[in-house]
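Going by this note's numbering, the residue at position 1176 of the sequence shown is 1196; the numbering climbs one at a time, nothing skipped.
All C-beta atoms in this analysis are idealised placements derived from N, C-alpha and C, irrespective of residue type, glycine included.
Predicted model only: the values in this text are computed from it and were never measured.
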Amino acid sequence: HSPLKKRVLESELQPEAIVPPGTCFELEGAQDQDEGDYGIQGYRITDGDMRKLFKVEIRNNGGGMLSFDLILQAFDGGLPPKTGQLQVHITVLDENDNQPAIKQDSDVFRDFEIDGDTGIISTAVVLDRERTNKYEFAAATLTGEVIKVIIEVKDVNDHSPAFPVKTIQLNVSELSPPGTCFELEGAQDQDEGDYGIQGYRITDGDMRKRFKVEIRNSGGGMFSFDLILQARLDREITSFYSFTIEAFDGGLPPKTGQLQVHITVLDENDNQPVFNQTEYHAVVLENTPLMTPVCQVFATDPDLGSHGWVTYKINRRQSDPNEFFVIDSSSGIISVNKFLDYENQSFFELVVTAWDSGIQPESSSTFVSIKVLDVNDNHPNISILFLNEPGAPEVSEGARPGDYVARIAVSDPDLGDVKKIDVHLQGGDGMFSLKSTDDFLYVLCVDGPLDREVKDVYELTVTARDFGSPPLSSKTTFQVQVTDLNDNPPVFDQNIYEESIPEDVREGTALFRVKATDRDLGGDSGIIYSIMQPEQEQLLNIDATSGLITTAAGLDHERETELRFLVVAIDGGSPSLSSTATVTIHVVDVNDNKPIFKQQFYNVTVKEHTAVGTCILQVTATDADDAEFGSVQYSLYDGFSSKDDHPYFHINSVTGEICVSQDIDHEAGLVTFDLTIKAEDQDGLSSQTFVHINVEDVNDNAPVFSPEKYVTSVSIHAQPGTELLSIFASDRDSGNNGKITYELLPGDSASLFTVDQSTGSLFLNASLSQLRSSSVKLSVSAQDRGGMSAVYPANITVNILQSDQPPALFQKAHYTFSIAEDAPVGSSVGLVQAVTPANSVELVSYIISSGDPQRLFSIDSQSGIITTGQPLDHESLSYVILNIQFHTGTLPIYSSAQVNISITDVNDNPPVFQKTSEHITISHNTPPGTPIFIAHAHDADSGLNGRIHYMLRPESHLFSIHPRIGTLMLNGDVSGDSSQRYELNVIAEDEGHPSLSSTLRLAIEMDSLGSVEDTLAFETLVYQVEIGESAPKDTRMIQVRAYGTRSQHGGTPGKAPPIITYSLKALSGVPPFRIHPETGWMFVSQSLDYETEPIYRFSVCAKAQNGKTEATATVVVTVQDENDNAPVFSRDVYFFSLQEGPYPHGMIGTVKAKDRDSRNNGVLSYILLSEGKYFRINPRTGEIINTVALDREEQAQHVLRVMATDQGRPRLNTTTTVHILVTDVNDNPPQFTHLPATKELNVQVIIILFLENTSNTKYNCRFYLN
């Protein structure tokens, strides 16, 4: 690179400076991009210094000033060197070192003269300041002294102001606001100072003072001015202005210059159309044909062009929404558009709006009133209003002549004479007449005596005719019903009724019917029967409508042999009429009492292995009959007949004691028994009770180790706490009797080890470093919590490895596997593996040392894979513990592992009933709600596979079965003869997949004798009640009641004993309920919460005063969910974004809410509260769907409010906010907002405004001229 000059340097000496040799001028150096030797090495003047001063070239610049042009060269150290040059221009300034001298051609010699003797200087010509305003020259005296002379020429007002142009044309909008400024170019005046321009003024032409001028300083002594608009312009008043602006100077008198200004006022749409009338009126007949002109409106607009072009419209929002009239938009003619009807609307007031055609149109409105004239086109109207209270067309037969029956109103929508109406009545056989109160209102009156028995209906016709031309008429026909009066009392068909009834008729039995008749009609003839003696109503009921007499309670010949009372028949008249009849009922004695157990259900517990012959329970039944009918025999009952061959129990037929007849072993699966006990009198009447026996486990099994021998190995260097193996013992007993505790028995070196009492895991307790033997023998005992110990302890051999080499051990001390009971033989169960030392080459051989006497499993000796060797059965054996050992070559066994294998249940056993069919007998008057049978099936499977639920097939409205307990309930009335029979299928189905089931065929026969009465039993075995979770404390829920026998308590059958106390017994926990000990009413005692506990089960107990008689029942309280939880959104605010585009996006996101309530209270629906134009929401899923294409330039962000509401009552809801950001795409070209179509030449366009509807900076615009 060559050195480069940066600029030409010009240096100027100061005027007073005398430059001595050696003066230094500091110049800016050249630049060279090279470095080192190739950089700049020095400077030299190459030419231009002719006199060896600067090596300069001298030239005369005039005026005695000298300048020098130097060329300064810089060179670097290259070979050859590269150079750069800088041109330096130096100007030498003048000093006063020469005598004055005047050039002969100067203006001074032309314009002035000097007197050589006197030295007086005088003008030689007329001076002109505008040409030369100052003279400077030197004059020499006679003595040779040089004097500097300065002559300044003073100005006089010899020039007038002058504008650049004589006339200017301006266009001004009439909407320009006052203060609008028009910048005008000012005038010029060659004079200065006071003789220059002093101001501007409008001299003529602006008579209304719409404009003024203001002067502004343009700088440099120049003044321009602005033309200011002082008031608003109105083109419609003055469309053109012409006036003169005058510029004046400060002379006396002043000189002036004129500028003629012509202003054209441009039209704007600033005037509304104006109607030629403030209101228009028209008249039209109601039968005027369509499109007939009615009137014409006219409006004008003083604006020009489209601003003054007027169109017309009827404002439908304010008038004539049904479009009975139309208007021609151009002419303003209003015509009939729909058929008119004076009767519907007789007057129209239209609002007509006139619009001009401006870009922003102006409008004005006027009213057009149109009156519709009537013609006779309507028939008279007849309206009948019956004057009795229900408004029915009827009249009492007791009405007197002149009584009003109905009011008849006639009307005619037409006007004038046509509204006069002639009205007359036809029919009625002279019993009715019309009376007129005015021309349009008539009254229908009774005109003769009425008798319903002679005629009960009259048909009348009313005719109305107007006086139009031609006349129009109407008529209406109606019937008047003559109503009855209560003038006849009821009459019985006989005065005395007498019947004989056996005492064993059940409650509700129909005995006979009394009958009375009444000749009156309607409510007057309606008869109500009742028994006059209140004491008889406890035993007998009479149907108030039919007169049927039925039993209200059981009859008892021993208490009352005859019932005598009066029956009253009362009609429905007001006042009512009545009559009576005498009724006598003879009660005939029968054997009507069956034995009744003190309890309907017994629950007893017996220990297993109870001695044979031990009596565990005594059931007692009593019979209210006397003599041989009251003797009771007890037996075990299977539903068909009495049995005495139960395998484990028998009953004493006289005393009712139930005793053990065979040894019972709990471990053999004999856990519960359900017995049916029958009590029968000598005449064959019987009843049953149910006994549930729980077999209680006793500790009759000692723990048994499986296996009994264990072998393991441990390094002598093992740390205390190291787990060696686990031992296992099992106990067939249940509960605490089957819970085992392990104990390490004393022995040599036993203190070095410890065993976990609960798990049986063996741990190292101390260091083995001092142990000298190579193995340790240990014994562990097992004892259950009932105190029984294992007969044989577990023997453990622990081999002590002396070397540092780690022993060969199983990867784990315990392995746990499971396999389904239906797995085929050879199925893989699991893999056990031993870890040998790294340098060991011995092969490992696995064996099952103990725990599988039936050889159900086998192990591959090389791989350690355990497989099934026999078919498995979960019900026979559900758990197997194997002891696995391995050998390495010829060395002894070093380690063992315990493998626990669970044989999981599959649903391979259906529920099984003890019998496939059962037969029971119940009384035909057994009350609904009585439990009559308990179905019980057993399923050998476990878990859900063994869980049973019961159902009836076919379903019956008469019977129901508890799905879990199996209690069969009587739901309805089973009245009928003694041979009536019902057959049901009781289905027991497990909950496996697939489920298995079995069927019990149940035959139910009705016994016609007697009724069941419990000594002390609840109405039902199970009370079910539902209550809302918001029920407050002390809410009354349900009343439970227990009943006693009449023989024991001396009371009425079916009534409670004198004193029964009730109490609650919790099955688990404390239920939030209480019971009144005397009334049996249950109440809420604590707050309920469905979400915490939806169902409560507990027992209710009833105990008689003597303390010997008691009963229990189960109460199931279902807490009903209430809508007490509002939905909750997963987020408070949701954010989504999507691009704008020509098509909708569809689903853009989902909002989710949850509700803790159940059923409809927890079913949610979503509602969009805003933005229905662009988005909608799926009410079930909460998906937000974009349905209309989005444009970011129209709306860049959408904010939605979404509500989630549940279906409860009342509904609860919550809201969330959804923000949707619309992102930009380049979909809009730039648009100029305003660009004039033409412009004068040489006029500067200052600013071009544009809009570009895209916000992203990457879409910035570029401009170019086309």
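From what residue to what residue does the beta strand (DSSP E) around residue i run?
| i | result |
| --- | --- |
| Asp-1226 | 1217–1226 |
| Gly-62 | 60–65 |
| Phe-1103 | 1101–1104 |
| Lys-333 | 331–334 |
| Thr-264 | 260–269 |
| Glu-369 | 367–375 |
| Thr-1081 | 1080–1086 |
| Ala-564 | Element bounds for Ala-564: n/a, residue is neither H nor E. |
| Leu-480 | 477–486 |
Closest by CA to residue i, which one among the options?
| i | options | result |
| --- | --- | --- |
| Ser-520 | Ile-839, Glu-582, Ser-126, Pro-313 | Glu-582 |
| Asn-213 | Asn-191, Pro-410, Pro-274 | Note that residue 213 is Gly in the sequence shown, not Asn. Of the candidates Asn-191, Pro-410, Pro-274, the one whose C-alpha sits nearest the C-alpha of Gly-213 is Pro-274. |
| Met-1057 | Gly-139, Phe-1103, Arg-1176, Leu-505 | Phe-1103 |
| Ile-1205 | Leu-1158, Arg-1212, Asp-1247 | Leu-1158 |
| Arg-1229 | Arg-228, Asp-1141, Ile-265 | Asp-1141 |
| Ala-641 | Asp-720, Ala-631, Ser-673 | Ser-673 |
| Ser-596 | Ile-816, Ala-160, Ile-171, Asp-538 | Asp-538 |
| Tyr-762 | Asp-753, Phe-748, Phe-773 | Phe-748 |
| Arg-1094 | Leu-454, Ile-248, Val-1135 | Val-1135 |
| Gly-104 | Leu-147, Ile-1079, Gln-51 | Gln-51 |
| Arg-875 | Asn-611, Ala-1173, Thr-888 | Thr-888 |
Determine the extent of the alpha helix (DSSP H) in which residue i is found, giving its start and end residues.
| i | result |
| --- | --- |
| Phe-387 | No alpha helix (DSSP H) contains Phe-387, which is instead part of the beta strand (DSSP E) from 383–393. |
| Gly-1289 | In this structure the chain extends from 21 to 1286, so residue 1289 is not present and cannot be described. |
| Asp-224 | Taken as a continuous stretch (DSSP letters only), Asp-224 belongs to no alpha helix (DSSP H), being part of the beta strand (DSSP E) at 217–224. |
| Asn-1179 | Reading off the sequence, residue 1179 comes out as Arg, not Asn. It spans 1179–1182 - the alpha helix (DSSP H) in which Arg-1179 sits, taken as one unbroken run. |
| Arg-130 | 127–131 |
| Asp-544 | 542–545 |
Just confirm the distance between the C-beta atoms of residue i and residue j, as a whole number of angstroms; I'd bet it's less than 8 Å.
| i | j | result |
| --- | --- | --- |
| Tyr-1110 | Ser-1178 | 7 Å |
| Val-169 | Phe-157 | 5 Å |
| Tyr-866 | Val-852 | 7 Å |
| Ile-736 | Gln-822 | 6 Å |
| Thr-692 | Ile-713 | 7 Å |
| Ala-1209 | Gly-1161 | 6 Å |
| Thr-1235 | Arg-1221 | 6 Å |
| Arg-1021 | Ser-1107 | The pair is not a contact, with the Cβ atoms about 48 Å apart (cut-off 8 Å). |
| Gln-446 | Asp-476 | At roughly 20 Å, the Cβ-Cβ gap does not stay under 8 Å, so Gln-446 and Asp-476 are not in contact. |
| Phe-344 | Leu-324 | The Cβ separation is near 37 Å, so there is no contact. |
How would you label residue i, buried or exposed, when you count the other beta carbons within 10 angstroms and need 16 or more for buried?
| i | result |
| --- | --- |
| Asp-959 | buried |
| His-1218 | buried |
| His-179 | buried |
| Cys-201 | exposed |
| Arg-221 | exposed |
| Asp-1034 | The predicted model places Asp-1034 with a pLDDT of 42, which falls under 50 and marks its position as unreliable; any figure quoted below should be read in that light. Counting Cβ neighbours within 10 Å, Asp-1034 comes out buried, since at least 16 surround it. |
| Glu-299 | exposed |
| Asn-289 | buried |
| Lys-229 | exposed |
| Tyr-1063 | buried |
| Pro-421 | exposed |
| Ala-601 | buried |
| Thr-143 | exposed |
| Asn-396 | buried |
| Met-1026 | buried |
Regarding residue i and the ligand MG, is the C-beta to nearest heavy atom distance less than 7 Å?
| i | result |
| --- | --- |
| Val-185 | No copy of the ligand MG appears in this structure; indeed no ligand is present at all. |
In chain order, what are the residue ranges of uninterrupted beta strand (DSSP E) at least 3 long that sit wholly in the region 868–912?
877–879, 885–888, 899–908
In the region 784–856, which residue ranges form an unbroken beta strand (DSSP E) of at least 3 residues, counting only runs that do not cross its ends?
795–804, 814–821, 834–840, 848–851
Those runs of the beta strand (DSSP E) which lie wholly inside the region 268–335 and span at least 3 residues:
276–286, 299–305, 313–316, 331–334
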